[in-house]
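**Q**
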Amino acid sequence: MKITSVKTAATIGHGMHLWVKVTTDAGIVGIGECVHGGHQAIAIIRNLETKLIGRDPFAIDALIEELRREHVFDGGSAGALITALTGIEIALWDIKGKSLGVPVYELLGGKFRDRIWVYCDCQVDPGMDFDEIERVVHAVLAKGFTAIKIDLDIGAYSAGRISGNASAITDRCFEQTFVKDKFNYTAMQREHERMLQLVDMVTRAAGKDVAVAADLHTRLDVPSAIRLVRDLAPYHLLWLEEPLPPENIDALREVKSHSTVPICVGENLYLRFAFRELFEKRAADIVMPDLLKCGGLSDGRKIANLAELYYVPFAPHNVSSPIGTMATAHVCASIPNFLILEWHWNERPYWTTIIKQKQDIIKNGYIKLTDRPGIGVDLDEEVARQHQYPGTTWFD
Ligand code: MG
193 MKITSVKTAA
203 TIGHGMHLWV
213 KVTTDAGIVG
223 IGECVHGGHQ
233 AIAIIRNLET
243 KLIGRDPFAI
253 DALIEELRRE
263 HVFDGGSAGA
273 LITALTGIEI
283 ALWDIKGKSL
293 GVPVYELLGG
303 KFRDRIWVYC
313 DCQVDPGMDF
323 DEIERVVHAV
333 LAKGFTAIKI
343 DLDIGAYSAG
353 RISGNASAIT
363 DRCFEQTFVK
373 DKFNYTAMQR
383 EHERMLQLVD
393 MVTRAAGKDV
403 AVAADLHTRL
413 DVPSAIRLVR
423 DLAPYHLLWL
433 EEPLPPENID
443 ALREVKSHST
453 VPICVGENLY
463 LRFAFRELFE
473 KRAADIVMPD
483 LLKCGGLSDG
493 RKIANLAELY
503 YVPFAPHNVS
513 SPIGTMATAH
523 VCASIPNFLI
533 LEWHWNERPY
543 WTTIIKQKQD
553 IIKNGYIKLT
563 DRPGIGVDLD
573 EEVARQHQYP
583 GTTWFD
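Residue 246 in this note's numbering is what sits at position 54 of the sequence shown, and the numbering runs on without skipping anything.
1. Measuring CA to CA, which of Tyr311, Pro415, Leu444, Leu489 is closest to aspartate 477?
2. Who are the near neighbours of arginine 247 in its chain, counting only those whose CB is closer than 8 Å to its CB and skipping five residues on each side?
3. Is it the case that the Cβ atoms of lysine 485 and threonine 200 are separated by a distance below 7 Å?
4. With a threshold of 16 other CB atoms inside 10 Å of the CB of tyrosine 558, please say whether the residue is buried or exposed.
5. Within 10 angstroms of its Cβ, does asparagine 510 collect 16 or more other Cβ (buried), or is it exposed?
6. Pull every residue with its beta-carbon under 7 Å away from any heavy atom of ligand 1, and keep them in chain order.
7. Would arginine 260 be called buried (16 or more neighbouring beta carbons within 10 Å of its own) or exposed?
8. Less than 6 Å between C-beta atoms, sequence neighbours within five positions excluded: which residues of the same chain meet that for isoleucine 354?
9. Have a look at Thr338, Lys473, Ala417 and flag the residue whose alpha-carbon is nearest the alpha-carbon of aspartate 442.
10. First and last residue of the alpha helix (DSSP H) that includes alanine 499?
11. From glycine 488 to glutamate 262, what does the alpha carbon distance come to, in whole angstroms?
12. How about isoleucine 554 and methionine 518: do their beta carbons lie closer than 7 Å?
13. Can you list, in chain order, the stretches of the beta strand (DSSP E) that have 3 or more residues and sit fully within the stretch 413-463?
14. For aspartate 321 and aspartate 392, I'd like the C-alpha separation in whole angstroms.
15. If you reduce the DSSP assignment to three classes, tell me which class proline 514 lands in.
16. From the DSSP secondary-structure annotation, give me the bridge partner or partners of leucine 240.
17. Check the C-beta distance from leucine 430 over to alanine 403 and give it rounded, since I have them as a contact under 8 Å.
18. Indicate the three-state DSSP secondary structure (helix, strand or coil) for aspartate 343 in the structure shown.
19. Restricting to Cα atoms, I'd like to know which of Pro454, Ile515, Asp313 is closest to threonine 544.
20. Please classify phenylalanine 467: does DSSP put it in a helix, a strand, or coil?
21. For the stretch 446-457 against the stretch 229-241, are there 3 or more C-beta pairs whose distance is under 8 Å?
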């Protein structure tokens, strides 16, 4: 079997969802997905197509590693090039599974479990009182989820995902020196107390049977993070995510040394290599690589295997469509140290409409693994194209 073409399309979802369609001379077509690569990843994939045509789609690891090494001076360690390769890699797994008539998890060594625990990203906004938070949390729990995540840092709200009212509250937080400005990462007393109060309200609204994680999106400095983790100790959080910028592993280890709340990082690290220092220095309690940008299913599984050596749970970041989510679920099934997988589409109703199966793959907070060959979920292009990303082409 030989690859005959590699084409992309993009839709609006959680940012840009980039689809990679790989066709073969056997008529088998694979679909891959990647996120956070943007228009750069589209251009990279277009340039890589000539190098992929005529190649064996079964030699997944060798092919991706060959392309990565060829481009080591062009970003072959992190960023859009790796994300572009990720989209191609996932499409190749889909081809291999379809060709052999087995689901991807069988190609990864078989499954440890039949269903994948999922948490729902829960969008509470700054300024909500307890009743409002309880309404938001209970609406998520009513869908059957038993784990949720909230955004804790004020910077997450200023990034523009929230309602007009909440946006005004965010502006007020900046004006009233909750934080000094958008670049300074020191949480002033009001901001520190706002974050604690939010955790207190959410955990009370959720109750003791629901796991609650909180995300800081890399937006604190060391002293602010240490003060926060100490004061969060009474709350039984599932984890505190990315308290610091991702570059300095020693600084993260310092924060972790003060924390009884598990520290979780990884969505801004690329490839297995970036996780080595994290594990060697015991700087994280839980890792959350994004398999739709960090290198793909092979690297995701390698990161999970490295984590296992240090008894560290694996809880992938995930903002992707049902296809990327199911692709990630195959890896989660194939490793012993899987904890939980993210789902970030609570407020976007068209999630299930862009797949041909037309059914929600998440039921009562779990994904039931599919036994269909390949990834096992097919893109409904007619519907997906209704959400086409402006300025992009559609598989041509
Ligand atoms: Mg995060």
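Glycine included, every Cβ here is placed at the ideal spot set by N, Cα and C. Model, not experiment: these values are computed from the prediction.
**A** Per the coordinate set shown:
1. Start at 1 with the first residue of the sequence shown, and residue 477 comes out as number 285. Of the listed residues, the one whose Cα sits closest to aspartate 477 is Leu444.
2. The residue labelled residue 247 in the question sits at position 55 within the sequence shown. So the qualifying residues of the chain are Lys194, Ile195, Leu255.
3. Locating residue 485 in the sequence shown gives position 293, counting from the first residue. Locating residue 200 in the sequence shown gives position 8, counting from the first residue. No, they are not a contact pair.
4. Reading the sequence shown from its first residue, position 366 is the one you call residue 558. Classification of tyrosine 558: buried, given that the 10 Å Cβ count is 16 or more.
5. Translated into positions along the sequence shown, residue 510 becomes position 318. With 16 or more Cβ atoms within 10 Å of its Cβ, asparagine 510 is classed as buried.
6. Asp407, His409, Glu433, Glu434, Glu459, His509
7. Reading the sequence shown from its first residue, position 68 is the one you call residue 260. Classification of arginine 260: buried, given that the 10 Å Cβ count is 16 or more.
8. By one-based count along the sequence shown, residue 354 stands at place 162. Annotation note: pLDDT 46 at isoleucine 354 (below 50); position unreliable, no value reported.
9. Locating residue 442 in the sequence shown gives position 250, counting from the first residue. Of Thr338, Lys473, Ala417, the residue nearest in Cα terms is Lys473.
10. Reading the sequence shown from its first residue, position 307 is the one you call residue 499. Here the alpha helix (DSSP H) through alanine 499 covers 489-501.
11. Reading the sequence shown from its first residue, position 296 is the one you call residue 488. Reading the sequence shown from its first residue, position 70 is the one you call residue 262. Glycine 488 and glutamate 262: Cα-Cα distance of roughly 18 Å.
12. In the sequence shown, residue 554 corresponds to position 362, counting from 1. In the sequence shown, residue 518 corresponds to position 326, counting from 1. Not a contact, by the Cβ cut-off of 7 Å.
13. 431-433, 455-457
14. Residue numbering aside, residue 321 sits at position 129 when the sequence shown is read from its first letter. Residue numbering aside, residue 392 sits at position 200 when the sequence shown is read from its first letter. About 12 Å.
15. Position 322 of the sequence shown, counting from 1, holds the residue named residue 514. Residue state, collapsed to three classes: helix.
16. Start at 1 with the first residue of the sequence shown, and residue 240 comes out as number 48. Answer is none; leucine 240 lacks a bridge partner.
17. Counted from its first residue, the sequence shown places residue 430 at position 238. Counted from its first residue, the sequence shown places residue 403 at position 211. Right, the Cβ-Cβ distance comes to about 4 Å (below 8 Å), so this counts as a contact.
18. Sequence index remark: in the sequence shown, residue 343 carries index 151 (1-based). Strand at aspartate 343.
19. Taking the first residue of the sequence shown as 1, we reach residue 544 at position 352. Distances from the CA of threonine 544 to each of Pro454, Ile515, Asp313 were compared; the closest alpha carbon is that of Ile515.
20. Taking the first residue of the sequence shown as position 1, residue 467 is located at position 275. Residue state, collapsed to three classes: helix.
21. Cβ pair count under 8 Å is below three, so no.
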